[in-house]
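Structure, as structure tokens:
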Amino acid sequence: MAPNALPVIDPNIPGPIGGIETRSWLFARTMARCCDSPISFVVRDAVAPQQSTIAGVRILPLVEPLTAVRRAIASSVVRRPQFPWLSIRRCSPNLLWQLPLLALAKLSPYPHGLSGGADTFLQSVQTDVFCTFGVNPASASTVATALARGLPAALVLGSDGDLDPRFLEGADYANQYGDRGDMSLHLLQSADLIVVQTPLQQRLLKERFGRESELVVNPIEVDAWTNPAPPSNSLELPSEPFVLWIGRADHTPKQPGKVLEIARALPDVQFLMVMNPFDSAVDEAIRKTHPPNVIIIARIAPDDMPVVFSHAAALLNTSSFEGFPNTFLQAALAEVPIVSLSVKPESTVLLPFGTCADGNLGTAAEALRQIVESGPNQQQLKGLRAAVEDTHSADQQARTLHRLLCELTRRRQG
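Residue 288 in this note's numbering sits at position 288 of the sequence shown; the count goes up by one each step and never skips.
Here it is as structure tokens:
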């Protein structure tokens with residue numbers, strides 16, 4: 001269950017692609033191929049996808065005509081837990097008709113789904129166990145529906161932000177996405193099984209919320225990175241060597257503005273930003289103020305990622321927090337050094353691979369300059385690909401998650 005994953009499932013569907021969407025779909029289609037259970041995947045969009053089965057996975061569409069309106073409002077408005085309940089972060093004339101339309105939709109006898117409570121659509125889904133990704137209203141609805149139906153539910157964490165200690169403040173707290181603390185806390189307390197990405201998440205979950213968990217590291221398809229296919233005709237890459245950044249337009253946690261600061265300190269180095277539109281105000285500001293050595297594109301097809309990495313000199317990460325970035329694994333398989341502003345990869349496979357600047361922009365810029373001028377440390381890169389394959393193989397991790405879900409189902413059935 002990752003309702004916003006349709007753009008990664010079907011490249012013809014426009015929309016942002018994040019780590020949760022990429023990871024959930026990889027788990028689903030790998031389990032469909034490797035395991036002996038039928039897999040269904042719930043997606044949400046304004047129209048139903050043309051195919052009912054993709055890569056062996058049954059696609060269950062939750063059709064909501066106002067999906068695009070909700071996404072547009074989310075980029076301009078922040079929900080608050082108290083009066084006046086909304087805060088405008090970016091003025092747009094479209095809000096004059098979008099907000100009233102959404103208010104009328106909430107008064108409809110057919111309210112939109114996946115808003116936190118038990119969901120009518122999910123009540124009709126034929127399944128033995130629910131598996132949902134990330135602490136968000138869709139996951140809260142999934143777990144609430146499972147409880148109402150007497151079915152087990154597993155929650156797979158999407159980032160360290162899913163373990164925000166301020167959730168303990170309850171309804172008095174809402175995160176940057178407007179999700180209330182009481183909803184998030186109830187979700188973490190109610191899921192039958194919680195799956196974490198890293199040992200750090202495992203420790204924080206126990207310390208902050210008193211929950212045990214299972215560790216399943218991020219998966220990656222190694223074969224796709226062995227012999228990268230030629231890029232699609234529409235893909236234009238900057239001259240080599242270039243620094244690659246992949247994220248979305250938001251202030252927190254991706255912080256694309258930090259990329260511009262680093263790029264200004266390195267005017268002779270080319271930067272390629274793959275920036276999914278999320279917060280339209282941030283997206284507009286970055287595109288208006290970026291220096292001439294920065295190229296920005298909104299999206300790269302997943303099949304083109306290996307060839308993009310193969311041309312990059314380094315991967316730059318400017319996030320304030322992550323779970324375990326899929327891009328770190330992609331960089332490792334492509335043997336591209338990582339320069340991270342703040343996030344330290346916990347995986348022992350990646351610990352010696354790259355640089356963490358501990359939040360210092362100057363340190364990050366200097367590390368990138370050295371890589372571009374002198375090349376990566378080949379000794380660090382030696383054997384890294386095999387280590388990632390051993391630890392993060394999609395087949396291996398999908399089988400592990402499948403086993404956990406089957407064990408959970410058997411325990412519930414008694």
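For every residue, glycine included, the Cβ atom is placed at its ideal position computed from N, Cα and C.
Alpha carbon of V216 to alpha carbon of T400, nearest angstrom: Taking the first residue of the sequence shown as position 1, residue 216 is located at position 216. Taking the first residue of the sequence shown as position 1, residue 400 is located at position 400. Between the alpha carbons of V216 and T400 lies a distance of about 7 Å.
Range covered by the beta strand (DSSP E) that runs through N326: Here residue 326 refers to the residue found at position 326 of the sequence shown. First-last for N326: 326-333, but that is the alpha helix (DSSP H), not the beta strand (DSSP E).
I297 - containing beta strand (DSSP E), residue span: In the sequence shown, residue 297 corresponds to position 297, counting from 1. For I297, the enclosing beta strand (DSSP E) starts and ends at 294-297.
Pairwise C-alpha distance: S37 and A364: Here the question's residue 364 lines up with position 364 in the sequence shown. Here the question's residue 37 lines up with position 37 in the sequence shown. Approximately 46 Å, taken between the alpha carbons.
Proximity winner among H251, I295, S239, relative to Q176 (alpha-carbon distances): Counted from its first residue, the sequence shown places residue 176 at position 176. Closest by alpha carbon: H251.
When E389, D182, C35, V274 are compared against G56, the one with the closest alpha-carbon: Reading the sequence shown from its first residue, position 56 is the one you call residue 56. Selected option, being the one with the closest Cα: C35.
H392 in three-state terms, based on DSSP: Residue 392 sits at position 392 when you count from the first residue of the sequence shown. Looking at H392 - three-state DSSP - the assignment turns out to be helix.
Inter-residue spacing [alpha-carbon to alpha-carbon] between A118 and R248: For this step, residue 118 is matched to residue 118 along the sequence shown. For this step, residue 248 is matched to residue 248 along the sequence shown. Roughly 30 Å separates the two Cα atoms.
Endpoints, beta strand (DSSP E) assigned at G247: For the purposes of this step, residue 247 is taken as the residue at position 247 of the sequence shown. Per DSSP, G247 belongs to the beta strand (DSSP E) from 242-248.
Those runs of the alpha helix (DSSP H) which lie wholly inside the segment 159-223 and span at least 4 residues: If we require 4 residues or more, the alpha helix (DSSP H) runs fully inside the segment 159-223 come out as 181-190, 199-209.
Spatial distance of L361 from L404 (CA atoms): Position 361 of the sequence shown holds residue 361. Position 404 of the sequence shown holds residue 404. Their Cα atoms are separated by approximately 41 Å.
Chain-order list of residues whose beta-carbon lies under 8 Å from that of E214 (same chain, five-residue window excluded): Taking the sequence shown and counting its residues from 1, one reaches residue 214 at position 214. In the same chain as E214, and ignoring 5 residues on each side of it, the C-beta atoms closer than 8 Å to its own belong to L193, I194, V195, V196, L404, in chain order.
Reference S190, options P199, A171, G170, V143, closest by Cα: If you number the sequence shown from 1, residue 190 lands on position 190. Distance check between S190 and each of P199, A171, G170, V143 places V143 closest, using alpha-carbon atoms only.
Cα-Cα separation, I300 to Q123: On the sequence shown, residue 300 is found 300 positions in, with the first residue counted as 1. On the sequence shown, residue 123 is found 123 positions in, with the first residue counted as 1. Taking the straight line from one Cα to the other gives about 35 Å.
Helix, strand or coil at A2 [DSSP, three-state]: Numbered from its first residue, the sequence shown carries residue 2 at position 2. In the structure shown, A2 sits in coil (DSSP, three-state: anything other than H, G, I, E or B).
Close-in-space but distant-in-sequence residues of the same chain around I295 (CB under 6 Å, 5 per side omitted): Within the sequence shown, the letter at position 295 stands for residue 295. P238, L272, listed in sequence order.
Through-space distance from A313 to V307, alpha-carbon basis: Residue mapping note: residue 307 aligns to position 307 of the sequence shown, counting from 1. Residue mapping note: residue 313 aligns to position 313 of the sequence shown, counting from 1. V307 and A313: Cα-Cα distance of roughly 12 Å.
Nonlocal neighbours in the same chain, by C-beta distance under 6 Å from E169, ignoring five residues either side: The count along the sequence shown starts at 1 and reaches residue 169 at position 169. For E169, where only same-chain residues beyond five positions count, the Cβ hits under 6 Å are G181.
Status (buried if at least 16 other CB within 10 Å, exposed otherwise) for D390: By 1-based counting over the sequence shown, the position of residue 390 is 390. So D390 counts as exposed.
8 Å Cβ cutoff met for M1 and F133: For the purposes of this step, residue 1 is taken as residue 1 along the sequence shown, with counting starting at 1. For the purposes of this step, residue 133 is taken as residue 133 along the sequence shown, with counting starting at 1. One thing to note: M1 has its Cβ within 8 Å of the Cβ of F133.
Environment of G161 [buried if 16+ CB atoms lie within 10 Å]: Residue 161 sits at position 161 when you count from the first residue of the sequence shown. Result: buried.
Per DSSP, cross-strand counterpart(s) of F451: Summary: the structure shown does not reach residue 451, with the chain confined to residues 1 through 414, and so no result is reported for it.
Closest by C-alpha distance to V336, when choosing among L266, P137, L244: Along the sequence shown, one-based indexing puts residue 336 at 336. Nearest of L266, P137, L244 to V336, Cα basis: L244.
Status (buried if at least 16 other CB within 10 Å, exposed otherwise) for A368: The residue given as residue 368 occupies position 368 in the sequence shown. Correcting the residue identity first, residue 368 is Leu in this sequence and not Ala. In this structure L368 is buried. Its beta-carbon is surrounded by 16 or more other beta-carbon atoms within 10 angstroms.
D283, buried or exposed, once every other Cβ within 10 Å from all chains shown has been counted against 16: As a position in the sequence shown, residue 283 is number 283, starting the count at 1. Counting Cβ neighbours within 10 Å, D283 comes out buried, since at least 16 surround it.
Within 8 Å, strictly: CB atoms of E322 and V343: Here residue 322 is taken as the residue at index 322 of the sequence shown, counted from 1. Here residue 343 is taken as the residue at index 343 of the sequence shown, counted from 1. Yes, the pair counts as a contact, with Cβ atoms nearer than the cut-off.
Nonlocal neighbours in the same chain, by C-beta distance under 7 Å from T53, ignoring five residues either side: Residue mapping note: residue 53 aligns to position 53 of the sequence shown, counting from 1. The answer, listed in chain order, is I59.
Beta-ladder partner(s) of C131, from DSSP: What you label residue 131 is simply residue 131 of the sequence shown in a count that begins at 1. Residue pairing by DSSP places C131 opposite A154 in a beta bridge.
With 16 other Cβ atoms within 10 Å as the buried cut-off, status of R29: Position 29 of the sequence shown holds residue 29. Classification of R29: buried, given that the 10 Å Cβ count is 16 or more.
Check whether P219 and L384 have beta carbons under 8 Å apart: Walking along the sequence shown from the start, residue 219 turns up at place 219. Walking along the sequence shown from the start, residue 384 turns up at place 384. Judged by beta-carbon spacing, L384 lies beyond the 8 Å limit of P219, meaning their Cβ atoms are not closer than that value.
Helix, strand or coil at Q270 [DSSP, three-state]: Along the sequence shown, one-based indexing puts residue 270 at 270. In the structure shown, Q270 sits in a strand (DSSP, three-state: E or B).
CB of W225 within 8 Å of CB of A334, strictly: Your numbering for residue 225 matches position 225 in the sequence shown. Your numbering for residue 334 matches position 334 in the sequence shown. Yes. Within cutoff.
Cut-off 6 Å between Cβ atoms - residues of its own chain near F209, not counting five sequence neighbours on either side: Stepping through the sequence shown from its first residue, residue 209 is reached at position 209. The beta carbon of F209 sits closer than 6 Å to those of L188, all from its chain and outside the five residues before and after it, given in chain order.
Buried or exposed (CB count within 10 angstroms, at least 16 for buried), A171: If you number the sequence shown from 1, residue 171 lands on position 171. It counts as exposed.
When S139, Q51, E240 are compared against D179, the one with the closest alpha-carbon: For the purposes of this step, residue 179 is identified with residue 179 of the sequence shown, where counting begins at 1. For D179, the closest alpha carbon among the candidates S139, Q51, E240 is that of S139.
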